[in-house]
Each structure stands twice: as structure tokens, then as C-alpha cells.
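Note sheet for the following structure.
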């Protein structure tokens, strides 16, 4: 039997607000998805009018995640994933990539957007041998995330923590670091941390577009320097090539020569 579960949390009774743009729905729009509203498309178009490069960033971020997961399953032997801030389902979701390689993989998705909750059944499709679950929680509540995820994941076994374009929503940098520390602290030796986020001091036009977005009424997203993103991995063993512009992280041999874009990430192992 396919194993799946939905764990209610703080957003359980929220309604979808279609009057304010939401980052998950805008990201879905940039990726070519259909789970968005006019307000999201308007905000997305306003962003791309200033900085068309955001669409390649969105797609490069998804490709980076796919390559990370492929390495983790095929080479590192990881079979458990905690994906926090998963957003709306698109192509190549974490469970699809992982279970395509190892059908027994177990994945817990975490998000607190009511529209993501409405699509939880799409996320929860799993192979019979594996499991997927959805936890309705906020990145700001790591203890709740860990408690709920423990219903599906065995935290005595190595687990990969995925934080893809979510830490930018934590305004205070020290607070963001403390969340990473708390989540990784619950995972055993041999676990992995994957992070990618929008980076500052790379493209001033990107920063201009992001500043305008943050003033739109949507939940702000804070770009960070490459050094700040790298510091999230303190105490862990960064895999080569370290924290780099995401197209440069172990690109597929058949890919065109990668460009440097304002999205940096890396993958590290807990010793």
C-alpha cells in the first residue's frame, strides 16, 4: 500500500488570499505551472519586466535540486528527505527524483501555504515501497517540523534536509542560522544539508527587482551574500565544488556551459 499522511499545523484553517501575491504561486508561474492567480501573474510579470533573469534562476534552482537529490540517492545512499518550504508541486519534485532511483525512499514535505495544502495529495503520491507525507508548518517552527516529520522519518538514520529558497524568508540572519542548526542538530552523522538561495552583490538589477517585490505587500524575501549562504554550512563537510552559483554545482555533462547567476547553493555532510 502507498503510505502517505498529512499533518495539520498552523495554517490548517487559513483561506487562500488571492488579493496578495505569494512567492510559491509566483515561482510556480515562472516555472510554467498553472497553480497561480492573476495577482501572482501580475507580480511575476512586473518582476520579469525589471529582471527577466529571474526565470532562468527559477529553472536553475529546480535543476540544482534535482542534481542534489540524484547524488544523495545514487551515490550517498540517502533514503530519507525532509524538504522544508517545498512550494507548489511542479515537475521533478523531491519524491519523484528520489523514488525513481530508489523506490523505498521516504520524503516529508513542509510548507504552510494553504494552496500548497490544497495540492498535498499531488505531493503525496508515492511508490508502494516508499512513503511521502506533508507537514503543514512554518520554517520558523523547527520543533514542530521535527516532531511531525518523525511520524514518517526515522531520525536515527541519515536524512537529507532540503532548504531551497526558503531561508530568505527569515528576515534575521542569525535567526535563520539558528533554524538550520536546530534542524540539523536532530539529524545523525551521515546526514546532509542542501541549501540554495538568491544571492546579493552579484546582479544589481536582481536586487532592484527584489526590493520592489518586497514592497508589493507579499512576504519579503531577503537576498544574502555568498559568504552568508556559505556560513549556513558551518560545522559540516561541504562537498566539491562548495557553495557556487547553482548552474555550476556538478552540471550535467550534456548541459551548455553554465553561466553565473544570482542564486548560490551547496551540499554538505554532517560528520
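Residue numbers (our numbering): 1 to 271.
Using N, Cα and C, we set each Cβ at its ideal position, and we do this for glycine too.
By the 10 Å Cβ neighbour count, where 16 or more other Cβ atoms means buried, how is residue i classified, buried or exposed?
| i | result |
| --- | --- |
| residue 274 | Residue 274 lies beyond the range of the chain shown here (1 to 271); nothing can be said about it. |
| residue 136 | buried |
| residue 263 | buried |
| residue 237 | exposed |
| residue 254 | exposed |
| residue 35 | buried |
| residue 96 | buried |
| residue 10 | Reliability fails at residue 10, whose pLDDT of 42 lies under 50, so the model's placement of it is uncertain and the value that follows must be treated cautiously. It counts as exposed. |
| residue 181 | exposed |
| residue 142 | buried |
| residue 121 | exposed |
| residue 265 | buried |
| residue 151 | exposed |
| residue 174 | exposed |
| residue 45 | exposed |
| residue 101 | exposed |
| residue 178 | exposed |
| residue 189 | exposed |
Specify the secondary structure class of residue i as computed by DSSP and reduced to three states.
| i | result |
| --- | --- |
| residue 16 | coil |
| residue 36 | coil |
| residue 224 | strand |
| residue 106 | strand |
| residue 250 | coil |
| residue 258 | coil |
| residue 2 | With a pLDDT of 44 at residue 2, under the threshold of 50, the modelled position of that residue is not reliable, and the figure given next carries that caveat. Three-state DSSP puts residue 2 in coil, outside helix and strand. |
| residue 29 | helix |
| residue 206 | helix |
| residue 214 | helix |
| residue 101 | helix |
| residue 21 | coil |
Checking the sheet assignment: what are the DSSP bridge partners for residue i?
| i | result |
| --- | --- |
| residue 237 | 269 |
| residue 264 | 197 and 245 |
| residue 82 | 108 and 161 |
| residue 192 | 160 and 269 |
Check whether chain D comes within 8 Å of residue i, counting only Cβ atoms and requiring the distance to be less than that.
| i | result |
| --- | --- |
| residue 38 | Looking for chain D here will not work: only one protein chain is present. |
Who are the near neighbours of residue i in its chain, counting only those whose CB is closer than 7 Å to its CB and skipping five residues on each side?
| i | result |
| --- | --- |
| residue 153 | 80, 82, 106, 108 and 159 |
| residue 27 | 58 and 87 |
| residue 200 | 207, 223, 224 and 225 |
| residue 241 | 248 and 249 |
| residue 156 | 188 |
Less than 8 Å between C-beta atoms, sequence neighbours within five positions excluded: which residues of the same chain meet that for residue i?
| i | result |
| --- | --- |
| residue 43 | 21, 26, 213, 216 and 218 |
| residue 119 | 35, 88 and 89 |
| residue 50 | 205, 208, 209 and 212 |
| residue 115 | 16, 22, 24, 25, 35 and 88 |
Counting only the same chain and skipping the five closest in sequence on each side, list residues whose C-beta sits under 6 Å from that of residue i.
| i | result |
| --- | --- |
| residue 251 | 258 |
| residue 163 | 84 and 195 |
| residue 239 | 267 |
| residue 32 | none |
| residue 146 | 186 |
| residue 68 | 194 and 267 |
| residue 129 | 103 and 104 |
| residue 191 | 158, 159 and 270 |
| residue 203 | 262 |
| residue 66 | 92 and 97 |
| residue 220 | 214 |
| residue 110 | 84, 135, 137 and 145 |
> At what residue ranges does the segment 40-78 contain a whole run of the alpha helix (DSSP H), taking only runs of 4 or more?
Replying inline: 54-74
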